[in-house]
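Note that the sequence shown covers residues -27 to -1, 1 to 267 in mature numbering (1 follows the signal peptide of the UniProt record, and there is no 0). Structure first, commentary second.
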Amino acid sequence: MRTLLRRRSVAPALTVLAAGAVVSALAAPAAGAFSVSLGSVATPVVPRCEPNIVIIVPGGANTAEGLPENLPVGGYSSDMGAHLDQFGYSTSRTVSYDSGAFVARDYTSAAADATAQTRELVERTAAECPDARISLYGYSLGADAAAHIAAEIGQGRGPISADRFGSGVFQANPYRGKSTVQGGTATPGTGVLGDLSDSYGTVADRIMDVCDRGDFTCDSDTWTGDVRANRDAFLGVSVQAGYQGLTSIPGEQRNALALETLIGVLPGTYLHTTSYSGSGSFSRGEGFLRSHMA
């Protein structure tokens, strides 16, 4: 009886350990991406209206609430802001939000905050610059938020009308879809949180997903089946809260999760933060944004 009780108590613990490893891996790319740069540094842009304004949404752990909107920060986001700043033609504004997903707060809360802050900045920018065409760029969690705002715009319920929308480029998008323009090296597929591409409505042809092969966040069809199956559990946990809720994951999946972390999530974490070269996928995203400017 004592042995049986011990086995019963160990099973949930192993589940939490395996799932905790996944959460740690999910949190790692956000923090690691903060130091990724293609050569640009976080340089303030002169706040102004231009014919074209790109709203940039940094990834998780790449920004903080209250940072100035004229300061592009974070992995890849600072580069995009620097590349797009051209007097008389284009500039950017950067969303700030509490981005500690999986660490200080759960992903669902961080994504909701990012989406709300993005919506507010788009709306305010449109009012301040009534002649500007507004586009969206987001990386990782920021791509999640930006993609949902683009979907609202395409469905006629967004902060701007579709005719004022330039384009959207979503890099490492957890909601990557099969029917968007593909800008990375990954074959057409879906993100780890699902496919949003059928939701873009009238702006669908102005959306590019930039995803490189092996990035578990957006190229997740092969090695993240168990993470995808338990995504609701993962989205509601954080390190600060002690992984509460992970025991809801079925015990028989714990070994599969551990294996998946080893062969899929951890390598995919590295690719998530390092694979987007300035002469490859990143530049195709920049080119797509420029091709839809006024």
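Idealized CB from N, CA, C, for every residue including glycine. A quick note: this is a predicted structure, and the numbers were derived from the prediction, not measured.
- At a cut-off of 4 residues, the continuous stretches assigned as alpha helix (DSSP H) that sit fully inside the segment 92 to 147 are 114 to 127.
- Under the Cβ criterion (8 angstroms, minimum of three pairs), the segment 75 to 93 counts as touching the segment 103 to 121.
- According to the DSSP assignment, Thr67 belongs to the beta strand (DSSP E) that extends over 63 to 67.
- Shown here, Val154 sits in a strand according to DSSP, grouped into three states.
- Following the DSSP letters along the chain, one finds Met181 inside the beta strand (DSSP E) bounded by residues 180 to 183.
- The beta-bridge partner set that DSSP reports for Asn25 consists of Ser63, Arg106.
- At the C-beta level, Val176 and Asp79 stay beyond 7 angstroms of one another.
- In the structure shown, Gly251 adopts coil according to DSSP, grouped into three states.
- Between the alpha carbons of Glu42 and Tyr110 lies a gap of roughly 14 angstroms.
- DSSP, reduced to helix, strand and coil, places Val200 within a helical segment of the structure shown.
- For Leu57, the uninterrupted alpha helix (DSSP H) segment begins and ends at 50 to 57.
- Beta-bridge annotation (DSSP): Val30 is paired with Gly111.
- Taking Gly73 as the centre and dropping the five residues before and after it, the same chain places the C-beta of Ala34, Ala83 closer than 7 angstroms to its C-beta, in chain order.
- For Asp171, the closest alpha carbon among the candidates Ala123, Arg186, Ile133 is that of Ala123.
- Between the segment 152 to 159 and the segment 179 to 197 there are three or more inter-stretch CB-CB distances shorter than 8 angstroms, so the stretches are counted as touching.
- Between the alpha carbons of Arg97 and Ser134 lies a gap of roughly 13 angstroms.
- Put simply, the backbone Cα of Gly251 is about 25 angstroms away from that of Phe138.
- Arg201 and Leu230 have their C-alpha atoms some 10 angstroms from each other.
- Between the C-alpha atoms of Ile180 and Gly127 there is a straight-line separation of about 10 angstroms.
- Just so you know, the alpha carbons of Asp58 and Gly260 end up roughly 14 angstroms apart.
- Straight across, the Cα-Cα distance linking Phe207 with Ile222 is about 9 angstroms.
- Selection Arg263, Asp168, Arg66, Leu114 evaluated against Arg21 yields Arg66 as nearest (Cα-Cα).
- In the displayed model, Gly164 falls within a strand according to three-state DSSP.
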